[in-house]
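Here is the structure we will look at.
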Amino acid sequence: MRRIRLRSGAQVVLKIAPPPDVEVMTYERGAMATELAALRLIREHTKVPVPVVDFADQSHEVCDADYFFMMYVGADNLNVIRDTLAETEINAYDEALGAITRELNTIPGSAFGPLAGPGESTWRAAFLRMVEELLGDGERRGVDLRHGYDVIREVVAAHASSLDEVTEPRFVEWDLWPGNCMVRDGQIVAILDHERAFYGDPLMEFGFTGSESSAYGNATFFIRGYGHRPFTTAERTRRRLYNLHLALIQIIETNFRAHTDTERYDCACERLRDTVALLGE
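Under UniProt numbering, the first residue of the sequence shown carries the number 1, and numbering increases by one thereafter.
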């Protein structure tokens, strides 16, 4: 991603996808096409503020990867300034994030899974495929989960029936955390980075992670802004499965991104261990 000043003096942001010879995780393939589709859906179906795309090119005629230009948002990154805010300000932003997320989740889908397809007729099938793709990535790279891969498969399978309650595919932003929020004068003025969006269970949104693990923060004000009632037993089980999925991503991506510091890997392994324990395994 690059910030560019044009001859006119206007500023834009250029985003370029990885070239085809760079190995990415399975769920990251076609990420830029997903982001463009997500931006279009958000603009068409909601009032959630997102940057306007000025130009997109997926032809690979100019460079060997997809790219697009979008408007530059002159505002602060919420995650960057979070430590400078009063607790009441943080709570207000979390509540606003909850309301924004709920609005995004009103966008309907025709099947579960990637925005561009192929989709699944059930959420159970789509989520199990997502987990299996992650495990396949980890096995291919020889990533140590500090759990056996088959143990993780067994844990997920043992609780998969909780997924069957989800019957309506809904737009899930998934990566809507403070680092993807731009704020100005106490308001969220833009949300960024939509390449991980899919159709699934709204309970999988990042804002709910803290409801089952304090390691991800306090979800109280997000849930208040979202307007979600107290979770049922099945919903709590699903949220724990989604935390397990998130921990797997955080562990395995450290290998794909060639991290030399093990802090993120170690923390993610702890979160996976804790989530497996919560699931009673």
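Positions of the beta carbon are idealized from the N, C-alpha and C atoms, including for glycine.
Spatial distance of residue i from residue j (CA atoms)
i, j, result
"residue 284", "Pro20", "Given a span of 1 to 281 for the chain in the structure shown, any question on residue 284 remains unanswerable."
"Arg3", "Pro230", "43 Å"
"Asp175", "Ile100", "13 Å"
"Arg170", "Gln11", "34 Å"
"Ser110", "Ala125", "15 Å"
"Leu97", "Ile223", "9 Å"
"Asp94", "Phe221", "6 Å"
"Asp164", "Met182", "36 Å"
"Gly136", "Val151", "14 Å"
"Asn77", "Asn180", "7 Å"
"Leu248", "Met25", "12 Å"
"Gly117", "Ala86", "43 Å"
"residue 303", "Ser8", "Residue 303 cannot be examined here, being either before or after the span of the chain that is shown, 1 to 281."
"Thr275", "Glu61", "46 Å"
"Ala31", "Arg196", "7 Å"
"Glu120", "Phe112", "5 Å"
"Gln250", "Asn243", "10 Å"
For residue i, three-class secondary structure by DSSP
i, result
"Ala116", "coil"
"residue 285", "Past the edges of the chain, shown from 1 to 281, lies residue 285, and the structure says nothing about it."
"Asn218", "coil"
"Met130", "helix"
"Leu145", "coil"
"Gly200", "strand"
"Val151", "helix"
"Ile249", "helix"
"Phe231", "coil"
"Asp175", "coil"
"Ser211", "helix"
"Glu195", "coil"
"Leu85", "coil"
"Thr122", "coil"
Residue burial classification, residue i (beta-carbon count within 10 angstroms, cutoff 16)
i, result
"Ser211", "buried"
"Val155", "buried"
"Met1", "exposed"
"Ser161", "exposed"
"His194", "buried"
"Pro178", "buried"
"Glu28", "buried"
"Lys47", "exposed"
"Glu253", "buried"
"Phe55", "exposed"
"Leu6", "exposed"
"Val80", "exposed"
"Arg240", "buried"
"Asn105", "buried"
Enclosing beta strand (DSSP E) for residue i [first to last residue]
i, result
"Tyr67", "Tyr67 to Met71"
"Ile4", "Arg2 to Arg5"
"Cys267", "Where Cys267 is concerned, there is no enclosing beta strand (DSSP E), although the alpha helix (DSSP H) it sits in stretches over Glu263 to Leu278."
"Val24", "Where Val24 is concerned, there is no enclosing beta strand (DSSP E), given that its DSSP letter is neither H nor E."
"Arg184", "Cys181 to Arg184"
"Leu14", "Gln11 to Ile16"
Extent of the continuous alpha helix (DSSP H) run through residue i
i, result
"Ile188", "Here Ile188 belongs to no alpha helix (DSSP H); instead the beta strand (DSSP E) covers Gln187 to Ile191."
"Val48", "Run containing Val48: none; DSSP gives neither H nor E here."
"Ile107", "Per DSSP, Ile107 belongs to no alpha helix (DSSP H) and is neither H nor E."
"Arg166", "Per the sequence shown, the amino acid found at residue 166 is Val instead of Arg. Neither: Val166 is in no alpha helix (DSSP H) and is coded neither H nor E."
"Leu78", "Leu78 to Ile81"
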